[in-house]
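Numbering (UniProt numbering), first residue to last: 1 to 330.
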């Protein structure tokens, strides 16, 4: 029940604030707006305001909403030394290249498009040879293996993991939305109604400008958690009006609770306990180990939910499906 509740269509007492204000908090994003600063407007294909939700007729199914939390964790493993290569190392003991780029180990250098200068010592002047089509002054040393950027996870707000993936160069919006689409590729009807993500506004802006027809737009509302929301730019209209964790104008009655259950944050610290082992693993062992850890953690959370009597009851589903009986009429 910590991640799922009956769909709300109104929030009593929550309708007198603004779309950018947070329920239970006096602080908005990044303090007052400087009148000399130009606001970052909404993308042209988004409406100016979010319409209020209409409740179904009495006795009709109410439905339910589910909340999930997404995060990137710096628990990594080694990969090929080339920036744009995702390949596993040919030898994880003392190698720095994948099998495809193994010939580069004799040179100790690799092409890095866009690099302005070679890497040099403070007093040593080196005339580098061209590497393929790359001039010598645009060659960067690759003396050691690189790592993936982060482990990307998504879990229900109760703490049960849903899926995981890896970002290789950065936690960029294209990689994150690709990760989400992959997680629900075979179960699009199971997407959560809300996803909490500290970069939700950046992700939403990417989606609406690059692919307004993405399935995530129709099924999911991306929100920033209250702690990160306060630190976001007050001039970002999209963040303030679309990613507010609990708007006080009543436009999102499902979001009247600003704090996500702390169980959703415990996975980070739990996985960190295995970080030293994971960093030394091959890509295959890393993937297998992470998957097993997710399964074990999920079982632990499920047992905790049962012990705390936080399961979804028959009464919950009766209310969701509109089958609750009025005993006074019998």
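Don't be surprised by glycine CBs; every beta carbon is placed ideally from N, CA and C.
Tell me whether the beta-carbon of residue 320 lies closer than 8 Å to the beta-carbon of residue 64. Translated into the one-based positions of the chain shown, residue 320 becomes position 320. Translated into the one-based positions of the chain shown, residue 64 becomes position 64. Contact flag set, yes.
If you follow the alpha helix (DSSP H) that residue 277 is part of, which residue opens it and which one closes it? Here residue 277 refers to the residue found at position 277 when the chain shown is read from its first residue. 275-279 is the span of the alpha helix (DSSP H), which, as asked, contains residue 277.
Residue 157 beta carbon less than 8 Å from that of residue 283: Position 283 of the chain shown, counting from 1, holds the residue named residue 283. Position 157 of the chain shown, counting from 1, holds the residue named residue 157. Cβ distance not < 8 Å, so residue 283 and residue 157 don't count as in contact.
Is residue 206 closer than 8 Å to residue 246 when the C-beta atoms are compared? Reading the chain shown from its first residue, position 246 is the one you call residue 246. Reading the chain shown from its first residue, position 206 is the one you call residue 206. Cβ atoms of residue 246 and residue 206: not closer than 8 Å.
Does residue 209 come out as helix, strand or coil in the three-state DSSP assignment? As a position in the chain shown, residue 209 is number 209, starting the count at 1. Helix, per DSSP.
Whole-number beta carbon distance between residue 41 and residue 237, since they are thought to touch under 8 Å: Here residue 237 corresponds to residue number 237 of the chain shown, with the count starting at 1. Here residue 41 corresponds to residue number 41 of the chain shown, with the count starting at 1. Contact flag correct, Cβ pair sits at about 6 Å.
If I'm right that residue 162 touches residue 183 with Cβ under 8 Å, what's the distance once you round it to whole angstroms? Locating residue 162 in the chain shown gives position 162, counting from the first residue. Locating residue 183 in the chain shown gives position 183, counting from the first residue. Contact flag correct, Cβ pair sits at about 6 Å.
Which of helix, strand or coil does DSSP assign to residue 144? By 1-based counting over the chain shown, the position of residue 144 is 144. It is coil, neither helix nor strand.
Alpha-carbon to alpha-carbon, residue 252 and residue 50: The residue given as residue 50 occupies position 50 in the chain shown. The residue given as residue 252 occupies position 252 in the chain shown. Cα to Cα, the separation comes out at about 9 Å.
Assigned secondary structure, residue 151 (DSSP; H/G/I helix, E/B strand, else coil): The count along the chain shown starts at 1 and reaches residue 151 at position 151. Residue state, collapsed to three classes: strand.
Under a three-way DSSP split, which group does residue 190 fall into? Residue numbering aside, residue 190 sits at position 190 when the chain shown is read from its first letter. Reduced to three states, the DSSP call for residue 190 is helix.
With a threshold of 8 Å on Cβ separation, who are the neighbours of residue 168 within its own chain once the five nearest residues in sequence on each side are excluded? As a first step, residue 168 is located in the chain shown; it is residue number 168 there, counting from the start. Here the set comprises 79, 86, 148, 149 and 175.
Give the single residue among 152, 198, 90 and 209 whose Cα lies nearest to the Cα of residue 46. For the purposes of this step, residue 46 is identified with residue 46 of the chain shown, where counting begins at 1. Cα-wise, what sits closest to residue 46 is 209.
Quick one: grab the DSSP three-state call for residue 185. For the purposes of this step, residue 185 is taken as the residue at position 185 of the chain shown. Coil, per DSSP.
Residue 315, DSSP secondary structure in three states: Here the question's residue 315 lines up with position 315 in the chain shown. Residue state, collapsed to three classes: helix.
Let me check one thing: in DSSP terms, what residues is residue 66 bridge-paired to? Translated into positions along the chain shown, residue 66 becomes position 66. BP columns for residue 66 point to 4.
Can you tell me where the beta strand (DSSP E) holding residue 166 begins and where it ends? On the chain shown, position 166 is the one that residue 166 refers to. Looking at the DSSP string, the run of the beta strand (DSSP E) that includes residue 166 is 161-167.
Among 219, 97, 193 and 201, which residue has its Cα nearest to the Cα of residue 232? Counting from 1 along the chain shown, the entry for residue 232 is found at position 232. For the options 219, 97, 193 and 201, the alpha carbon positioned closest to that of residue 232 is the one of 201.
In terms of residue numbering, what span does the beta strand (DSSP E) encompassing residue 221 cover? The residue you call residue 221 lines up with position 221 of the chain shown. Taken as a continuous stretch (DSSP letters only), the beta strand (DSSP E) holding residue 221 covers 221-223.
Reduced DSSP secondary structure (H/G/I, E/B, other) of residue 83: One-based indexing of the chain shown puts residue 83 at position 83. Three-state DSSP puts residue 83 in coil, outside helix and strand.
Comparing alpha-carbon positions, which option in 271, 316 and 313 lies nearest residue 294? Looking up residue 294 in the chain shown gives position 294. For residue 294, the nearest C-alpha among the options comes from 271.
Counted within 10 angstroms of its Cβ, other Cβ atoms place residue 93 as buried (16 or more) or exposed: Residue numbering aside, residue 93 sits at position 93 when the chain shown is read from its first letter. Exposed: under 16 other Cβ atoms inside 10 Å.
Among 77, 304, 129 and 243, which residue has its Cα nearest to the Cα of residue 277? In the chain shown, counting from the first residue as 1, residue 277 sits at position 277. If we check each option's Cα against that of residue 277, 77 comes out closest.
Would a C-beta distance cut-off of 8 Å place residue 267 and residue 297 closer than the cut-off? The count along the chain shown starts at 1 and reaches residue 267 at position 267. The count along the chain shown starts at 1 and reaches residue 297 at position 297. Cβ distance < 8 Å, so residue 267 and residue 297 count as in contact.
Looking only at DSSP bridge pairs, what is residue 40 linked to? Numbered from its first residue, the chain shown carries residue 40 at position 40. Answer by DSSP bridge pairing, in chain order: 236.
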